[in-house]
Every structure is written in C-alpha cells, then in structure tokens.
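Visitor:
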Amino acid sequence: MMRRFVVFFSAFASLLVVGPTTPAHADQDPRLGGAQIFTGRGFDTCQAPSLGTMAAWTDSPYRAVGVYIGGRGRACPDQHHLTPDWVRGVTDMGWNLLPLYVGSQSPCVHSDRKRRYAIDPDRAWRMGVAEGRDAVRQAEELGMLPASPLYLDMEAYDRKDARCADVTLTFVQGWNREVSRHGYLPGFYSSAGSGVTHLQQARDAGERDLPEVMWFARWNDRPDVAREPTLSAGDWQPHRRIHQYRGNVKETHGGRTVNIDRNLVDAPVAVIG
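According to full-length UniProt numbering, the sequence shown is numbered sequentially starting from 1.
1) Beta-carbon within less than 7 Å of LEU15's beta-carbon, same chain only, minus the 5 sequence neighbours each way: which residues are those?
2) Locate the beta strand (DSSP E) running through ASN96, then write down its first and last residues.
3) Answer with buried or exposed for ARG63, where buried requires no fewer than 16 other C-beta atoms within 10 angstroms of its C-beta.
4) By DSSP's criteria, SER191 is part of a beta bridge. Which residues make up the other side?
5) Measuring alpha carbon to alpha carbon, tell me which residue in ALA124, GLY187, PHE38, ILE69 is nearest SER104.
6) Taking VAL102 and GLY73 to be in contact with their CB atoms under 8 Å, please state how far apart those CB atoms are, rounded to whole angstroms.
7) Comparing C-alpha positions only, which one of LYS250, PRO268, ASP166, LEU51 sits nearest to GLU212?
8) Can you name, in chain order, every residue of its own chain whose Cβ lies under 8 Å from the Cβ of ASP204, other than the five neighbours on each side?
9) If ILE242 sits next to TRP215, beta carbons under 8 Å apart, how far is it from one beta carbon to the other, in whole angstroms?
10) Whole angstroms are fine: how far does the CA of GLY254 sit from the CA of ASP161?
11) Can you give the beta carbon distance from VAL179 to LEU150, rounded, assuming they're within the 8 Å contact cut?
12) Would you check if there are 3 or more beta carbon pairs closer than 8 Å linking the stretch 236–252 to the stretch 110–119?
13) Between the alpha carbons of TRP86 and ALA139, how many angstroms are there, rounded?
14) Should THR252 go down as buried or exposed, given a rule of 16 or more other Cβ atoms within 10 Å for buried?
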C-alpha cells in the first residue's frame with residue numbers, strides 16, 4: 001500500500017533519497033530498457049497541482065499523474081508548481097509521473113487554437129529533432145532520468161490529408177529518434193481516430209522511428225487498454241498502452257477539486273533521480 005506523507009515530510013525525505021526512485025506499484029520491464037511500469041488508474045491535468053493537492057489526492061483511486069513538461073503548444077505554459085522539488089515530493093508520496101510534451105502540431109490539426117503551432121512542411125524532420133532534444137532537456141531539468149518515457153501530445157488532425165499526414169509523421173519520427181538517442185522512451189498521445197490510427201497504419205507499412213508507447217484518447221467511459229479497435233492486437237503490447245477514457249471532468253478528493261482527464265495506464269512512468 002502507498003504510504004501517505006504530509007508535505008513537509010515529503011520535502012525533507014527528498015533530501016535523503018540517493019539514486020533513482022522506483023515509484024510505488026511500478027515494476028521494471030527489461031524489454032523496455034529497464035523502464036518502470038505502472039498498471040492502474042491515472043489522471044492528467046493542464047496545470048500540475050500543488051503538493052498539498054497531490055497529498056490530498058492520495059485518497060483518490062489514482063496513482064499516476066500526467067504532467068505537461070514543455071513544448072510550444074502547451075496549453076498551460078506557466079507551470080506554477082512543476083519543479084524538481086515538486087517531482088521529488090510527489091514521487092515520495094507514491095505518485096507515478098507521465099511526462100507530456102506538447103510541441104508543434106500537425107498542419108491539418110482540427111483545433112483552431114493549435115494551428116498557430118503548425119509544423120513547417122519544409123522543416124518537419126529538423127523541427128522534430130529540435131523539439132525532441134528540448135523534451136529531453138526539460139525532463140532532465142526536472143530530475144527525470146533516461147529510461148523515462150516522454151509522451152508527445154499530437155492533437156487530432158485530418159489523417160486522410162495525405163500530404164499533411166506525411167509531414168506529421170516525419171515530425172514524429174524525428175522527435176522519436178532524438179528522444180531515443182538520449183536514452184528516453186518516445187511515447188505518443190493522440191485521439192484514437194486520428195493520430196493513433198495513422199501511427200498504426202505507419203507501423204503496418206513498415207515505417208521506422210515509431211513510438212514505443214501509445215496513449216490513445218477514446219472518451220467512451222469504458223477503460224480498456226487491450227481492446228482498442230484502432231490498434232492491432234499484438235502491437236504496443238504488453239505494458240505500452242494508456243487509455244484516456246474520459247476528459248474534462250471535475251473530481252474532489254481530500255477536499256481539493258481538480259479538472260482532469262481520466263486514464264487507465266499499463267505503461268512506463270518516469271524514473272526519478
């Protein structure tokens with residue numbers, strides 16, 4: 001069972017830990033380079049909650065939290081709480097971290113707000129590499145070690161637009177290769193009907209430099225990582241899937257209310273040094 005720590009003790013304990021920390025309920029998977037695997041419920045939210053809120057939420061059914069570590073397309077660029085001390089503090093409380101990076105978006109992204117961050121078709125690979133390098137830097141600054149996953153957030157786009165789909169895939173491949181080069185695990189988040197379907201098609205076509213982990217959004221309120229219809233049964237299995245099964249809901253635990261997306265996780269989580 002997870003231990004509950006009050007905030008000041010978490011901060012103090014973080015000074016005493018030497019070497020990488022294994023989050024509660026996380027096991028290592030040698031097939032993923034020794035990545036730490038968490039299986040259970042998780043949530044993600046735009047702004048990393050305060051340490052006090054994270055302590056209160058140890059009463060919730062969740063034990064993993066998605067945090068937005070960087071990227072020019074990040075909806076909450078000013079993360080008031082997300083620091084190395086915060087990372088250490090919530091890890092000491094027993095939380096498992098899912099680092100998300102919202103970089104450049106597909107040129108045919110559906111969201112009007114995201115179009116200002118569109119990938120330049122003439123520089124798609126170079127942009128992917130540069131932003132992959134930035135994602136690694138952001139993770140390192142927060143104390144997340146190699147073998148940690150970094151999840152690239154690519155919002156829903158028109159995958160049937162062949163030119164746009166090719167540009168998007170090229171960017172993703174450049175990002176993945178650079179993240180892998182630094183010893184991190186490239187993950188990919190998108191809607192099941194757009195980016196996830198597109199990446200499955202790319203895998204079926206024999207494309208390389210694809211993500212190691214697939215985080216798919218299908219808001220059907222039926223959490224299930226195994227039977228996603230857009231993914232082939234044997235692909236991104238085992239321990240390589242996250243299902244975001246409901247979004248934009250408010251929950252209250254320990255007297256603290258947060259607006260979250262709900263996830264079922266069977267996937268790598270951050271290794272904290």
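Glycine included, every Cβ here is placed at the ideal spot set by N, Cα and C.
Quick caveat: nothing in here was measured; it's all calculated off a predicted structure.
Guide: Judging by the given coordinates:
1) Its pLDDT being 26, under 50, LEU15 is placed unreliably in this model, and the value from its coordinates should be taken loosely. Counting only Cβ-Cβ distances below 7 Å, and skipping sequence neighbours, we find nothing.
2) It spans 96–101 - the beta strand (DSSP E) in which ASN96 sits, taken as one unbroken run.
3) buried
4) ALA217
5) ALA124
6) At roughly 4 Å, the Cβ-Cβ gap stays under 8 Å, so VAL102 and GLY73 are in contact.
7) PRO268
8) SER232
9) Yes, ILE242 and TRP215 are in contact; Cβ-Cβ is about 4 Å, under 8 Å.
10) 46 Å
11) 5 Å
12) The stretch 236–252 is not in contact with the stretch 110–119.
13) 13 Å
14) exposed
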